[in-house]
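Trainee: By this note's numbering, the letter at position 28 of the sequence shown is numbered 1101, and the numbering carries on one by one without gaps. Even glycine gets a Cβ: it sits at the ideal position worked out from N, Cα and C. Take a look at this one; I'll ask things after.
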Amino acid sequence: MSPRSASVNEELRRRSRERLLQATVELVDEHGYEATRLADIARQAGVARGLVSYYFPGKRQLLQSAVHRLMHRTLQAALERAPRPSGPEAGQELMARAIDAILGLAHEHPLLMRTHMAGILTAEGFIQCPEQQRLAQLLRETVVAYGSSEPDADYPLLRALLMGSVVAMLLPGAAMPRTRLRTELFQRYGLGEELGVPPDEGASGGTRTPGPVPGGQR
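Structure (structure tokens):
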């Protein structure tokens, strides 16, 4: 049997890493961070335990990459959902979709997102991983589409506002309603409440049949 090519090996490594990230989301979402062991994640992903340490220096870094991947994929799906917005007001629709996507994750995965935010505030801090970089790029593209003339300044502000809103939604004993936080963010960016995915429409606030999009087609 001839040895596998470098491209095949690279694809196998990519798939193994993806399975580890998906398994982490599933297990921490269901059982919590402390109850989820690295061996459990490897078993769920169907890979050898040693591969976890090969790709990630520790469980906290693995969790951050896993949640950033979930956020990236959720945000990308929201931004690309048909009908794709176009025309002069498309940027407002995209900003609304971005806000609703991130707030929706906090609503649908409270344990996972609370654990993620708590980890960011620890000594390890914010992990600069490929998944985080993809998420950052999408958010930056969103502020550009919205019409920002200073995306390098406006993107960190949007990120901070979204992170603050997620913390406010998940703060034990003093959680704020998603609808109130959404209204505040929409007012901050001058967005109509009908844009994006209003929380009272669709099962669990995550999806709905899209309404008219300014400048787009139904």
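Quick one: Cα of A1096 to Cα of L1135, how far?
Mentor: As a working mapping, residue 1096 is identified with position 23 in the sequence shown. As a working mapping, residue 1135 is identified with position 62 in the sequence shown. Cα to Cα, the separation comes out at about 10 Å.
Trainee: Taking the alpha helix (DSSP H) that Q1165 belongs to, which residues open and close that run?
Mentor: The residue you call residue 1165 lines up with position 92 of the sequence shown. Q1165 -> alpha helix (DSSP H) spans A1163 to E1181.
Trainee: Out of A1139, Q1210, M1242 and R1253, which has the shortest C-alpha to C-alpha gap to I1200?
Mentor: As a first step, residue 1200 must be located in the sequence shown, where it is residue number 127. The shortest C-alpha separation from I1200 is found at A1139.
Trainee: Since I believe C1202 is in contact with Q1149 (beta carbons under 8 Å), could you give me their beta-carbon distance rounded to a whole number of angstroms?
Mentor: Translated into positions along the sequence shown, residue 1149 becomes position 76. Translated into positions along the sequence shown, residue 1202 becomes position 129. The Cβ separation is near 16 Å, so there is no contact.
Trainee: According to DSSP, simplified to helix, strand and coil, what is Q1224?
Mentor: As a working mapping, residue 1224 is identified with position 151 in the sequence shown. The residue asked about is misnamed: residue 1224 is Pro in this sequence, not Gln. It is helical.
Trainee: If you draw a straight line from the C-alpha of L1212 to the C-alpha of A1163, how long is it?
Mentor: Working through the sequence shown from its first residue, we reach residue 1212 at position 139. Working through the sequence shown from its first residue, we reach residue 1163 at position 90. Distance between the alpha carbons of L1212 and A1163: 15 Å.
Trainee: Express the C-alpha separation of L1254 and L1176 in angstroms, rounding to a whole number.
Mentor: As a working mapping, residue 1176 is identified with position 103 in the sequence shown. As a working mapping, residue 1254 is identified with position 181 in the sequence shown. One C-alpha to the other measures close to 9 Å.
Trainee: So, under 8 Å CB-CB, A1118 and R1092 are touching, yes? Tell me the CB distance rounded to an integer number of Å.
Mentor: Locating residue 1118 in the sequence shown gives position 45, counting from the first residue. Locating residue 1092 in the sequence shown gives position 19, counting from the first residue. Confirmed, Cβ separation roughly 4 Å.
Trainee: What's the gap between the Cα of A1169 and the Cα of R1146?
Mentor: Within the sequence shown, residue 1169 is the residue found at index 96, counting from 1. Within the sequence shown, residue 1146 is the residue found at index 73, counting from 1. Between A1169 and R1146, the C-alpha separation is close to 16 Å.
Trainee: Could you give the first and the last residue of the continuous alpha helix (DSSP H) run that contains L1143?
Mentor: As a first step, residue 1143 must be located in the sequence shown, where it is residue number 70. K1132 to E1153 is the span of the alpha helix (DSSP H), which, as asked, contains L1143.
Trainee: With a 10 Å radius around its C-beta and 16 neighbouring C-beta atoms as the bar for buried, classify Q1206 as buried or exposed.
Mentor: Here the question's residue 1206 lines up with position 133 in the sequence shown. Burial call: exposed.
Trainee: Between the segment 1176-1194 and the segment 1108-1122, are three or more C-beta pairs nearer than 8 Å?
Mentor: No, because fewer than three Cβ pairs between the segment 1176-1194 and the segment 1108-1122 fall closer than 8 Å, the two stretches do not touch.
Trainee: If I follow the unbroken alpha helix (DSSP H) through V1125, where does it start and stop?
Mentor: By 1-based counting over the sequence shown, the position of residue 1125 is 52. Looking at the DSSP string, the run of the alpha helix (DSSP H) that includes V1125 is R1122 to Y1128.
Trainee: Note down the Cα distance separating L1124 from A1108, rounded to an integer number of angstroms.
Mentor: What you label residue 1124 is simply residue 51 of the sequence shown in a count that begins at 1. What you label residue 1108 is simply residue 35 of the sequence shown in a count that begins at 1. About 20 Å.
Trainee: Taking 8 Å as the cut-off, decide whether the C-beta atoms of L1243 and P1161 are in contact.
Mentor: Here residue 1243 refers to the residue found at position 170 of the sequence shown. Here residue 1161 refers to the residue found at position 88 of the sequence shown. No, the Cβ-Cβ distance between L1243 and P1161 is not below 8 Å.
Trainee: Can you have a look at R1187 and say buried or exposed, based on whether 16 or more other CB atoms are within 10 angstroms of its CB?
Mentor: Within the sequence shown, numbered from 1, the residue matching residue 1187 stands at position 114. Its Cβ being crowded by 16 or more others within 10 Å, R1187 is buried.
Trainee: Could you compute how far the alpha carbon of P1130 sits from the alpha carbon of I1193?
Mentor: Stepping through the sequence shown from its first residue, residue 1130 is reached at position 57. Stepping through the sequence shown from its first residue, residue 1193 is reached at position 120. Cα to Cα, the separation comes out at about 16 Å.
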